[in-house]
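Chemist: Quick one: the structure is below, and I'll ask about it shortly.
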Amino acid sequence: MMNWTAVGRAVATAAIVLCSAVVRGEPAEICAVPGYLLFGDSKLDRAHAAVLKDHELRILTLGGTSSSLPGPDGPSSAYPSRLEAALTRRLPGVKVTVTTVPMPRQTAAEMAKSIDKLLIDQKPSLVVWQTGTYDAVRGTDPEEFRASVSGGVERLQEGGADVVLVNMQYSPRTESIVAVGAYADGIRWVSREREVPVFDRLAIMRHWYDQGQFDLYKATKDMKLAKSVHDCLGRALGATIIDAAQLGARHGTMPQQ
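Going by the working numbering, the sequence shown opens with residue 1, and the numbers climb by one from there.
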């Protein structure tokens with residue numbers, strides 16, 4: 001029988017490995033991501049309306065340990081804060097607020113229980129929901145996982161929020177230990193069913209690793225490089241949101257200053 005405590009520790013270690021990724025070589029643009037991994041057909045209509053009407057974008061991020069960094073300046077360097085910085089930079093004249101609610105060691109079903117209260121308390125126009133890793137560690141039935149995510153997305157939409165789903169991180173150290181494929185497939189299925197974008201963190205990080213942009217295998221405690229990885233994630237997620245909310249210059253809807 002698999003020791004889930006040991007697996008959980010391995011995944012937690014992988015989160016630190018991700019944060020401490022070592023750059024292999026010096027690519028021209030370390031954060032480069034192919035467009036097909038960032039852009040899709042699903043739209044964020046509520047976020048679009050909030051920006052154009054109120055010049056404000058309130059984002060709530062839900063996630064586990066891989067959405068944070070250790071240390072006193074960890075919160076400001078983690079990808080939710082870097083997302084806020086990236087969107088603020090790219091949307092002049094718009095008040096962007098990203099609030100993070102950490103939910104470590106919670107399954108999708110457990111996280112979904114907090115949705116109604118969070119919508120009332122935070123009143124976001126967009127929720128970024130990162131899930132899947134802990135369900136994979138726990139061995140949740142993939143169909144139960146998919147149903148939990150689908151139900152949670154439905155409740156978020158009914159509560160007036162757009163949704164971007166974020167799947168698990170890629171780690172060459174744990175891919176042979178934790179089978180995440182069925183859960184990533186479940187998230188993609190919900191994306192099609194509910195017509196919401198997916199930020200495919202798994203594929204994006206695998207691309208970075210395969211292209212030599214980041215060595216996600218070699219462990220180190222270099223937090224400077226940890227922050228670089230999270231900054232890239234924040235910038236990439238910002239690009240996905242801007243495109244799906246049709247706020248980019250190519251859509252002709254960039255808010256006026």
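Backbone N, C-alpha and C define an ideal beta-carbon position, used for all residues, glycine too. All of these numbers come straight from a predicted model, not from anything done at the bench.
Among the candidates 145, 71, 137 and 151, whose CA atom is the shortest distance from the CA of residue 115?
Modeler: Numbered from 1 along the sequence shown, position 115 holds the residue referred to as residue 115. Ranking the options by Cα distance to residue 115, first place goes to 151.
Chemist: Does the beta-carbon of residue 32 have 16 or more other beta-carbons within 10 angstroms, so that it is buried, or is it exposed?
Modeler: Here residue 32 corresponds to residue number 32 of the sequence shown, with the count starting at 1. Answer is exposed; the Cβ neighbour count stays below 16.
Chemist: Look up residue 97 in the DSSP assignment and give the residues it is bridged to.
Modeler: Residue mapping note: residue 97 aligns to position 97 of the sequence shown, counting from 1. DSSP, once it has assigned bridges, lists 58 as partnering residue 97.
Chemist: Could you tell me the alpha carbon to alpha carbon distance between residue 230 and residue 77, rounded to whole angstroms?
Modeler: Position 230 of the sequence shown, counting from 1, holds the residue named residue 230. Position 77 of the sequence shown, counting from 1, holds the residue named residue 77. If I take the Cα positions, the gap works out to 7 Å.
Chemist: Around the C-beta of residue 105, are 16 or more other C-beta atoms found within 10 angstroms, so that it is buried, or is it exposed?
Modeler: For this step, residue 105 is matched to residue 105 along the sequence shown. Label assigned to residue 105: exposed.
Chemist: Rounding to the nearest angstrom, what Cα-Cα distance links residue 117 and residue 65 in this structure?
Modeler: Here the question's residue 117 lines up with position 117 in the sequence shown. Here the question's residue 65 lines up with position 65 in the sequence shown. Cα to Cα, the separation comes out at about 21 Å.
Chemist: Hey, how far is the Cα of residue 94 from the Cα of residue 88?
Modeler: Sequence index remark: in the sequence shown, residue 94 carries index 94 (1-based). Sequence index remark: in the sequence shown, residue 88 carries index 88 (1-based). Their Cα atoms are separated by approximately 7 Å.
Chemist: Below 6 Å CB to CB, which residues in the same chain sit around residue 233 once its five sequence neighbours on both sides are set aside?
Modeler: Here residue 233 refers to the residue found at position 233 when the sequence shown is read from its first residue. These residues qualify, in order along the chain: 79.
Chemist: Where do the N-terminal and C-terminal ends of the beta strand (DSSP E) with residue 130 fall, by residue?
Modeler: Reading the sequence shown from its first residue, position 130 is the one you call residue 130. Here the beta strand (DSSP E) through residue 130 covers 126 to 130.
Chemist: Using a Cβ-Cβ cut-off of 7 Å (strictly less than) and excluding sequence neighbours within five positions of residue 200, which residues of its own chain qualify?
Modeler: By 1-based counting over the sequence shown, the position of residue 200 is 200. Same-chain partners within the cutoff: 37 and 167.
Chemist: Whose C-alpha, out of 214, 238 and 134, is nearest the C-alpha of residue 228?
Modeler: Along the sequence shown, read from residue 1 onward, the residue named residue 228 stands at position 228. Nearest C-alpha to residue 228: 214.
Chemist: If you run the structure through DSSP and keep just helix, strand and coil, what is residue 23?
Modeler: Residue 23 sits at position 23 when you count from the first residue of the sequence shown. Unreliable positioning characterises residue 23 in this predicted model, as indicated by a pLDDT of 35, which lies under 50. The coordinate reading is nonetheless provided below. Residue 23: coil per DSSP, three-state reduction.
Chemist: Which residues mark the beginning and the end of the alpha helix (DSSP H) in which residue 135 is found?
Modeler: As a first step, residue 135 is located in the sequence shown; it is residue number 135 there, counting from the start. Segment 133 to 138, the alpha helix (DSSP H) holding residue 135.
Chemist: Which partner residues does residue 165 have in the DSSP bridge list?
Modeler: Translated into positions along the sequence shown, residue 165 becomes position 165. In the DSSP output, where bridge partners are listed per residue, residue 165 has 129 and 198.
Chemist: Return yes when at least one heavy atom of the ligand GDP lies under 8 Å from the C-beta of residue 128, else no.
Modeler: The ligand GDP is not part of this structure, which contains no ligands at all.
Chemist: Thinking residue 244 and residue 197 are a contact (beta carbons under 8 Å), I'd like their distance in whole angstroms, please.
Modeler: Looking up residue 244 in the sequence shown gives position 244. Looking up residue 197 in the sequence shown gives position 197. Between residue 197 and residue 244 the Cβ distance is about 5 Å, and since that is below 8 Å, they are a contact.
Chemist: Based on the DSSP output, what are the partners of residue 63 in its beta bridges?
Modeler: Position 63 of the sequence shown, counted from the start, is the residue given in the question as residue 63. Per DSSP, 102.
Chemist: With a threshold of 7 Å on Cβ separation, who are the neighbours of residue 170 within its own chain once the five nearest residues in sequence on each side are excluded?
Modeler: Counting from 1 along the sequence shown, the entry for residue 170 is found at position 170. If we look at residue 170 and ignore the five residues flanking it on each side, its Cβ neighbours are 202, 205, 206, 209 and 216.
Chemist: For residue 143, count neighbouring Cβ atoms within 10 angstroms of its own Cβ and tell me buried if that reaches 16, exposed if not.
Modeler: Against the sequence shown, residue 143 aligns to sequence position 143. It counts as exposed.
Chemist: So, using beta-carbon positions, are residue 61 and residue 99 closer together than 9 Å?
Modeler: On the sequence shown, position 61 is the one that residue 61 refers to. On the sequence shown, position 99 is the one that residue 99 refers to. Yes, the pair counts as a contact, with Cβ atoms nearer than the cut-off.
Chemist: According to DSSP, is residue 246 helix, strand or coil?
Modeler: Reading the sequence shown from its first residue, position 246 is the one you call residue 246. Reduced to three states, the DSSP call for residue 246 is coil.
Chemist: Would you check if the distance between the CB atom of residue 184 and the CB atom of residue 39 is smaller than 9 Å?
Modeler: The sequence position of residue 184 within the sequence shown is 184, counting from 1. The sequence position of residue 39 within the sequence shown is 39, counting from 1. Contact flag unset, no.
Chemist: Whole angstroms is fine: what's the gap from residue 246's alpha carbon to residue 149's?
Modeler: The residue labelled residue 246 in the question sits at position 246 within the sequence shown. The residue labelled residue 149 in the question sits at position 149 within the sequence shown. Approximately 25 Å, taken between the alpha carbons.
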